[in-house]
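Okay, so the sequence shown: first residue is 574 according to our numbering, each after it adds one.
Here the structure comes first, spelled out in structure tokens, and everything after it is commentary.
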Amino acid sequence: MEQIILEMFTKLREQLVAAGVIDNVLFIDGTKILANANKYSFVWRKNTLRFSELNKAKAVALLEGIKAS
574 MEQIILEMFT KLREQLVAAG VIDNVLFIDG TKILANANKY SFVWRKNTLR FSELNKAKAV
634 ALLEGIKAS
């Protein structure tokens, strides 16, 4: 089951990249990422990388939860 889910995520990402919906750029200078961003807010690159790691951890936790079900 875990292998199937991992393959699904991988294939979905590949399809999104092929369609041009996403790319390999994780950080673009000046991009406002947080939903409550305004013209006086900005996101430091270091925070973007940290949030990326947190999102990966959440995805792993989600997969573990699915696996446990």
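Glycine is no exception: its CB is placed at the ideal position from the N, C-alpha and C atoms.
Computed from a prediction, not measured in an experiment: that's the story for all the values here.
Is residue j closer than 8 Å to residue i when the C-beta atoms are compared?
{"i": "I577", "j": "L636", "result": "no"}
Mind checking which residues open and close the alpha helix (DSSP H) that includes residue i?
{"i": "N628", "result": "R618 to A641"}
{"i": "F582", "result": "E575 to A591"}
For residue i and residue j, which I take to be in contact (beta-carbon distance under 8 Å), what is that distance rounded to the nearest angstrom?
{"i": "M574", "j": "K640", "result": "6 Å"}
Give me the residue from the options with the minimum Cα distance to residue i.
{"i": "T583", "options": "A632, R623 and F624", "result": "A632"}
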